[in-house]
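Residue numbers (our numbering): 571 to 861. Even for Gly, the Cβ is constructed at its ideal location relative to N, Cα and C. Worksheet: one structure, shown below.
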Amino acid sequence: MKSITPSRLLLMKEKGERIASLTAYDYTMAQMCEAAGIPLILVGDTLGMVVRGEESTLAVTLDDVIYHSRMVKRGAPQALVIADLPFMTYQVSHEDAMRNAGRLMQDTGIGGIKIEGGVEIAGTVKRLVQIGIPVCGHLGYTPQSTHTLGGPRVQGRSFEAAVKLIEDAKALEDAGAFAIVLELVPNEIADAVTQQLRIPTIGIGAGPDCDGEVQVFHDLFGLFSDFQPRHSRRYLSVASDVVSAAEQFKADVASKIFPGKAQSATLDDPELRSRLAEYLDQRKEPPVVAG
């Protein structure tokens, strides 16, 4: 089976095939996504929150993303793996963006990068695409601008904001982006953007009319218990199941139920057991006689 490429996602849009996408942050997560046939895997800077317990994505570094991307790519050789360029690795200059994106691609083997912003970063997208780096855009609520936006709030509620979203999306497409993530956008606006574009839109909190949907692995499967985003659905409650299992493990260890014979190795040689018993008997200290 050939690895999935950005052109495959474009073909999926043309055929009306919805694109399912999940985040992943290590080898095991990536293996599970690959086994499920997830075509698009994102190594998101959300790792700052769900892996490291921080309040936002802003402290995540390029080295962090490279470290996690290497693991994910090993676990999902067939999926299209892309990764976030972290905060301030592409905003200062085109040269910074090209250098950092190139390093991320070269050091990990992933198939593309994702950056946030619209018209203002279209020039950066164009330069990255020109040197052979596939770029996925990100509009709506952009987590790297969380302080400016006042936290995770729905974007595009006014006419002017909706028009800007459409214009930003067109600018990214014209610059060569292969897809655009739409986060926390009203369904009607996300639908309008999707209809205007040749490239796929991937929603998260943007309703059912995008060309695909991306969700954070920890949210979908109940691994992250700090909060549950409104736009997510829990298909499993892994964290509570793990806590219950860990409590049972603790009890089994305390009562010597675990480990048992099935989990233990034994000495099969009778002569060796006899010699060991004799040796241990010789090491016993003689009983102390009371004076």
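Candidates the options, of which the one nearest residue i by Cα
i	options	result
residue 653	592, 848, 733	592
residue 672	702, 656, 685	702
residue 693	711, 666, 713	666
residue 722	786, 782, 713	713
residue 730	720, 716, 759, 715	759
residue 787	663, 676, 614	614
residue 576	810, 848, 691, 681	681
residue 639	594, 833, 772	594
residue 718	733, 687, 782	687
residue 664	697, 627, 648, 634	697
residue 633	599, 670, 616	670
residue 629	668, 716, 586, 611	716
residue 617	794, 831, 675, 808	794
residue 796	584, 624, 648, 763	624
residue 574	585, 611, 586	611
residue 800	689, 776, 732	776
CA-to-CA distance, residue j to residue i, given in whole angstroms
i	j	result
residue 601	residue 646	6 Å
residue 678	residue 642	9 Å
residue 650	residue 699	17 Å
residue 622	residue 821	29 Å
residue 814	residue 603	25 Å
residue 841	residue 817	41 Å
residue 661	residue 691	8 Å
residue 572	residue 589	17 Å
residue 858	residue 811	53 Å
residue 839	residue 854	23 Å
residue 823	residue 833	13 Å
residue 636	residue 605	23 Å
residue 846	residue 819	32 Å
residue 608	residue 626	26 Å
residue 851	residue 837	18 Å
residue 826	residue 844	26 Å
residue 727	residue 772	19 Å
residue 674	residue 659	11 Å
residue 761	residue 676	35 Å
residue 586	residue 648	21 Å
residue 584	residue 763	16 Å
Other residues of its chain near residue i: CB distance less than 6 Å, five sequence neighbours each side excluded
i	result
residue 644	597
residue 710	725, 752, 753, 754, 755
residue 599	787
residue 619	none
residue 828	822
Own chain, CB closer than 8 Å to residue i, minus 5 neighbours either side, in chain order
i	result
residue 798	789, 804
residue 778	757
residue 695	685, 705, 707, 742, 745, 746, 747
Contacting residues, own chain, Cβ-Cβ under 7 Å from residue i (five flanking each side not counted)
i	result
residue 766	736, 739, 740
residue 631	656
residue 785	592, 774, 802
residue 768	743
residue 668	697, 698, 701
residue 807	792
_Three CB pairs or more closer than 8 Å across the segment 739-751 and the segment 573-589_ = Enough Cβ pairs lie closer than 8 Å, so yes.
field: beta strand (DSSP E) segments (min. 3 residues) lying fully within the segment 731-818
entry: 749-753, 771-774, 782-785
Requested in this report: Would you list, in sequence order, the uninterrupted beta strand (DSSP E) runs of no fewer than 3 residues that lie entirely inside the segment 662-689?
Outcome: 682-684
List, from N- to C-terminal side, the alpha helix (DSSP H) runs of 4 residues or more that fit wholly inside the segment 686-733. 692-700, 716-719
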